[in-house]
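Read through the structure below, which is laid out as structure tokens, and then see the notes.
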Amino acid sequence: MIRTITALLFAATLILSFGVGTPARASDSIEVIFETHAEIIIKGSRRTITPAIEAFRDSGLPEAQIVLETWRAKDLWVRKADNRFFRATTEDRKTYDLLDIVTGEALGRAAKKELRQIKPNSGVRGLISAALVRFQLSDPDPEVRRSSLAAIQRDPAPSHLAALEASIDKEDDPGLKAEKRRLAGLLTIQFAEAPETRVAAIRAVSSDLGIDVRAALNPILATRIGVYTAAPEGNVAARLTIGSDIGADEAYALLVAQGAAAPIPDEEKKAALAEHIDGGMVGGVPVASLTDPAARDRAYARLAAAGRVPPSPTAEERDAAIAAHRFYAVYEEPNPAVTDAASEALESIGTMVRSYEVLDLSLDALSLASIYFLAAIGLAITFGVMRVINMAHGEFIMMGAYTGFVVQQLIPSYTISILVALPLAFAITFAAGVTLERLVIRWLYDRPLETLLATFGVSIALQQIAKNIFGTQARPLTSPEWLDGAWDINPIVSISWIRVAIFVLSVVFLLFLLFVLNRTRLGLEVRAVTQNPRMAASMGINPDYIRMMTFGLGSGIAGIAGVAIGLFAKVTSGLGQDYIVQSFMTVVVGGVGNLWGVLAGAGLIGILQKGIEALNPSNTLAAQTYMIIFIIIFIQFRPKGMFALKGRAAGD
Amino acid sequence: MTTDTLLEVSGVSVSFDGFKAINDLSFSIGEAEMRAVIGPNGAGKTTFMDIITGKTRPDSGDILWGEPTRSLLKLSESQIAQLGIGRKFQRPTVFEDQSVADNIMMSLKAHRQPWSVLFHKFTQDDGQRIREIAEEVLLVDHLERSAGDLSHGQKQWLEIGMLLAQDPRLLLVDEPAAGMTLEERNHTTDLLREAAKTRAVIVVEHDMDFVRKLDCRVTVLHEGSVLAEGTIDHVTSDQTVIDVYLGR
Amino acid sequence: MTRRRVPFVVRNPSVLVFLGLLAAFTLGVTVLSEATGIGLISTSMVKTLGKTLCFCLIAVAMDLVWGYCGILSLGHFAFFGLGGYMIGMWLMYARTEMIVVEALAAQPIPPTDAEIEAAIGNQIFGVVGGSEIPAIWMFADSLVIQLALVVLVPGLLALVFGWLAFRSRVTGVYLSILTQAMTLALALYLFQNDSGLRGNNGLSGLQNIPGFEQTPQSTISIAFLWASAAALGLGYLLIAWITSGKFGNVIRGIRDDEARVRFLGYNVEAYKLVVFTLTAVLAAIAGALYYPQAGIINPAEIAPIASIYLAVWVAIGGRGRLYGAVIGAAVVSLASSWFTGGQAPDIPLGFYTISWVDWWQVLLGLGFVLVTLFAPKGLGGLVDRLVRR
Ligand SMILES: Nc1ncnc2c1ncn2[C@@H]1O[C@H](COP(=O)(O)OP(=O)(O)OP(=O)(O)O)[C@@H](O)[C@H]1O
Ligand SMILES: [Mg+2]
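Protein chains in written order, with numbering that gives the first Met the number 0: chain C, 0 to 651; chain E, 0 to 247; chain D, 0 to 388.
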């Protein structure tokens, strides 16, 4: 009782001191405000400072901004003798010139010990900054206005609403004006008094995808669980069924909070039993038989009956207690019109969000597909033409990435270094590919499985050499500035510029290869060798030369893929290994000897991987596992891939 | 001339990417009959054998086998072979890494399931059979040699020997005389005619003299269907056949 | 023709020679080990040798499936690892149970079954933030069932995978890649924390054999050496027997020209499936013997690279000859652990010091290329030439 009275008194004082007083003080001068609040300003505690700051903020005086800024800048001094506030400057740190805070007019001097500097702590400074927002919203500098909007957004408060609305009309920048309107709407949703206003504001944002909109709407739908024996009160969201909506334990915990008998946890029961062991027996039950939970319950019940331990409700008692009550989710927000509008708006936003998420996912899949395409296309060309799997293909990718890294060490400009690295990586891996073909692969054309092994040997040697040269730690490949960041199409759909660039790169390569294979002499000969090497040889095509060139071409593209991949992945000696299996899959799924096959394979794998990841976002490992299993099953139906080569030559 | 029909191919068509390699082909052969199939290159002779042995699946039509008749369409290559259809390929295909004896031994008629093969006991009888067959194909002195070391003609014979070892009811022989001397051809002719006494034999061959010596009915294939059928003299005097052979 | 009727080992003297050498090796190591007190060979060396025998066993299996049947499987280490996991589950569970029961026995109130289980769950799965014992550990307390699972789980996986792959007539490089994909999928799956097998922590403490706490590791290592040698001997004998009979002819035929074998009436897919599954089981047994000697197993062991190394061993040793596989596995794996273990002396060149730890892989890779190019029959081929002289 006494507590209630004190609380009431306190509230009354509060209202008297500033709640009611505030409007009257609109005409107060700065001096008066200082006078009224001198004590708390000097004390400078975050917990009590609010009235002083609000007094300045709501004073309507233009000078208030200067005062608050001075205060925040720790430039405010008070003369101990009369509690007057000044700004102060000094030359010798002993005597200070006192200045008027607003006008800067000199008001005399004082010794250091006569003064006290007001040093607001960071909490107080934060409050002052929040108060300053009001002034900044109408600041002549648009940058200041923008940052103050951002500040409100970060930390919205009811007090901002009026200030924000007041500043809208005076805003002359159309962009800022729209932003202010939007923010005012959000603040209205959260803080306005009249339900109709809020509902209208909610309706107005029901197609806005901004995260802040959802952040404003969601708290309106926050619920608590209410326990009732009769009809529920308040704005009910739903009735909860025990078992599905709410666990029995949780439900009972609510009842315990309302005064039902608390169950004793098993651990405590066990401890209680241990305490009451008496000559090998507990409550008449032999200790040895306590391996049985039922025996434990019996022993505990006996002890409880004897009053030696607090009773614990039995399972039946708990169930009965739960059954006697109804559990409801009740909105914290009392007004059903508001909650209805909010859930409606959230739903319509949700639908839009989901469809944009699908779009976003498709973009992700597309970009992943283009990476796989780049990584696999070289492999597919060599596999298609020569029927050999180059296990060192991944290491060619790695070589490309390291080429990019080395070039960046030599050329400081990121843009130029990338432009140099791309052709250089192509040249280096082209040379490496031709060397590999000349030295190793050409001896093994009639033993395709052995090429797989020999190139694997090359692969482990190259990996170790890279490790010996560049060390084991990841080397960064920095993208030029114009590739930084992402293309934000809307708050949900965004794609990083690097990925856009890789997509463009792979399209360029697709077109380039389509041109080479379909429109040039080399392409014709390559296709001839692909489809029937013996026949091609007998028609005067030199298969040796063609194979060498194709292998070089495939390897060169791997190098370029390496530079591209290095831009977003860490460059390590194991980089190639991360892509090689996926590249194999791409080739296998797509089918060999056909660009469109690689494209389809990369697309399918990209879509699959992203799709499965989206269904199970927490677990990319599982996603990859399922994807591979899918591919194994896919091969069942299309053993030669989606775009199989036909004809007799391909049959064996 | 023949008694019961062993194999009946009716209305079979097959196309590769729109190209009709076999076009509504019908054909039948009896229990103990020899048949020569001739035709220009690309007529579809090998494809015809591919279809019977299950290597190529026809787009339409049916293939019926034996008594009581059953369709071969749903069976796998190995099941068809187990029914008693043996095949010699156009290009001699023997297991070059293994000895002649092993090549024949693998072909001997016996259970083909992994389990029984695993516990297969090599008997005196098996040895006897291998020897007999090797004698027939004149390879008895080469039994322990690796099949890869044999000459082209010997490989052809070995393949015929493997065919005989299977003891099939129908032999499909694709160009058995290619690359053989006259003497070797004559022996091949004898082998085939001997086999045809107890089983059905289909021989694909280009060499008219060889076909004449086989002394059997001849089926002429052209562009995937039967152009003519009859004795060798009958078909060689047929104007359309002459056009087909000489017209290009 | 009578040649074929004499007993199998007489026809294949190399098998007898191998078994003799294996027995001599095992006895020799035993005598020189710490277990007998001589201690010329340290316990950790004995373990290394025992593990090498397990590698030899999986290499022999690989030789059957690849060297004889022509299926370049890049997935047999997955079966090896699975075998290790199956036995590891029992080792870890039984030992944890023992420790937990001991700890709980000290409490005044005897533990309930649920409490014991919860404590075991906490002990084993605490590292992956769990405490429930997953369903796949259902039989982990039974050695007999886990031993059966060593054979059944990899065998079943091989059977299902093989059935799918062979049925659709995937062959050659395609098949290799598919097996590699299977291995990768399995490894990735096991890397997950909720795989039920402790994610990338794997299973550990496997060198402690429940029930033999008092037995010193020197003795246990000898026991495993013997078990590994016995398994290798039996596996070798089995595969030598299989390959020397008609079955061997058929699978070599499949390797060289599978279509021809099909037209002889053999169901090629069934043969491949038998070989694939059988070798998977042998690999699993090798794994089940290997990991108690290694002490720890984790998903990295299953990564595709391990299976490729297996192919490297067999290729260097020489395919299609079983002793070749054994030589390859023993030489390469021992040399690898010697060179990468830091025991090999560095070679100072003045301007640069060749450290084997850094350059061994390069040497191995290039050596492998050379063997593939110039000695397709591998080291075993050299042995052949020597013997023939
Ligand atoms: N798998 C295939 N894919 C595409 N075309 C094929 C295939 N098999 C056969 N053909 C075509 O079918 C036609 C018939 O071929 P087939 O080999 O049966 O002829 P053939 O009568 O045996 O000729 P030859 O006397 O030269 O052996 C040919 O034009 C061939 O190119
Ligand atoms: Mg032909």
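Backbone N, C-alpha and C fix where the C-beta goes; we use that ideal spot for every residue, glycine too.
Residue i: contacting residues in chain E (beta-carbon distance under 9 Å)
i: D/Ile-241; result: Leu-117
Listed by chain order, chain D residues near residue i by CB distance under 8 Å
i: C/Phe-583; result: Ile-176, Gln-179 and Ala-180
i: C/Ala-453; result: Phe-367, Val-368, Thr-371 and Leu-372
Residues that residue i contacts on chain C, provided the C-beta gap is smaller than 7 Å
i: D/Phe-338; result: Result: empty, since nearest Cβ-Cβ is about 12 Å, beyond 7 Å.
i: D/Ile-307; result: Phe-455
Any non-hydrogen atom of ligand 1 closer than 7 Å to residue i Cβ
i: E/Phe-209; result: no
i: C/Gln-530; result: no
i: E/Ala-35; result: no
i: E/Ala-20; result: yes
i: C/Asn-615; result: no
i: E/Gly-53; result: no
i: E/Ala-177; result: no
i: C/Asn-489; result: no
i: D/Gly-19; result: no
i: C/Asn-541; result: no
Proximity test, Cβ basis, 8 Å: residue i and chain C
i: D/Tyr-188; result: yes
i: D/Asp-140; result: no
i: D/Asp-255; result: no
C-beta neighbour in chain D for residue i, strict 8 Å
i: C/Ala-649; result: Confidence at C/Ala-649 is low in this model, with a pLDDT of 37, below 50, so its placement is unreliable and no value can be given for it.
i: E/Leu-24; result: no
i: C/Ala-431; result: no
i: E/Ser-150; result: no
i: C/Val-587; result: yes
i: C/Gln-530; result: no
i: E/Asp-96; result: yes
i: C/Asp-296; result: no
heavy atom of ligand 2 below 7 Å from residue i C-beta
i: E/Thr-45; result: yes
i: E/Asp-173; result: yes
i: E/Gln-89; result: yes
Listed by chain order, chain C residues near residue i by CB distance under 9 Å
i: D/Leu-183; result: Val-580, Gln-623, Thr-624 and Ile-627
Closer than 7 Å at the beta carbon, the chain E residues around residue i
i: D/Tyr-265; result: Ser-77 and Arg-111
Min CB distance residue i to chain E below 8 Å
i: D/Tyr-67; result: no
i: D/Asp-383; result: no
i: D/Val-8; result: no
i: D/Tyr-270; result: yes
i: D/Phe-246; result: yes
i: D/Gly-252; result: yes
Under 9 Å from the C-beta of residue i: neighbouring residues of chain D
i: E/Ala-80; result: Arg-261, Phe-262, Leu-263, Gly-264 and Tyr-265
Within chain C, partners of residue i - CB distance below 8 Å
i: D/Pro-303; result: Val-580
i: D/Asp-62; result: What D/Asp-62 touches in chain C: nothing, since even the nearest Cβ is about 14 Å away.
**Prompt:** Going along the chain, which residues of the stretch 92-110 of chain D sit with their C-beta nearer than 9 Å to a C-beta in chain C?
**Reply:** Going along the stretch 92-110 of chain D in chain order, one finds Gln-106, Pro-107, Ile-108, Pro-109 and Pro-110 with a Cβ nearer than 9 Å to chain C.
**Item:** Touch test, the stretch 285-303 of chain D against the stretch 346-357 of chain D, Cβ-Cβ under 8 Å, three pairs minimum
**Value:** no
**Prompt:** Is there contact here, the stretch 394-401 of chain C with the stretch 562-572 of chain C, by at least three beta-carbon pairs under 8 Å?
**Reply:** yes
**Request:** Determine, using beta-carbon pairs with one atom in the stretch 336-343 of chain D and one in the stretch 83-96 of chain D, whether at least three such pairs fall under 8 Å.
**Result:** no
**Asked** At a cut of 8 Å, does the stretch 110-128 of chain C reach the stretch 72-89 of chain C through at least three beta carbon pairs?
**Response** yes
**Prompt:** Do the stretch 474-489 of chain C and the stretch 341-348 of chain C meet, that is, are 3 or more Cβ pairs less than 8 Å apart?
**Reply:** no
**Request:** Would you check if the stretch 531-539 of chain C and the stretch 453-471 of chain C touch, i.e. whether three or more CB-CB distances between them fall below 8 Å?
**Result:** With a cut-off of 8 Å on Cβ pairs, the stretch 453-471 of chain C is not in contact with the stretch 531-539 of chain C, counting fewer than three such pairs.
**Request:** Count the CB pairs spanning the stretch 213-223 of chain D and the stretch 40-56 of chain D that are closer than 8 Å, and state whether there are at least three.
**Result:** yes
**Prompt:** the stretch 197-210 of chain C: which residues have C-beta closer than 8 Å to a C-beta of chain D, in chain order?
**Reply:** none
**Asked** What residues in the stretch 259-280 of chain C have a beta carbon less than 8 Å from any beta carbon of chain D?
**Response** Lys-269, Leu-272, Ala-273 and Ile-276
**Message:** Assess contact between the stretch 194-212 of chain D and the stretch 120-129 of chain D, defined as three or more Cβ pairs (one per stretch) separated by less than 8 Å. Is contact present?
**Reply:** For the pair of segments examined, the stretch 194-212 of chain D was found to touch the stretch 120-129 of chain D: the number of CB pairs separated by less than 8 Å reaches three.
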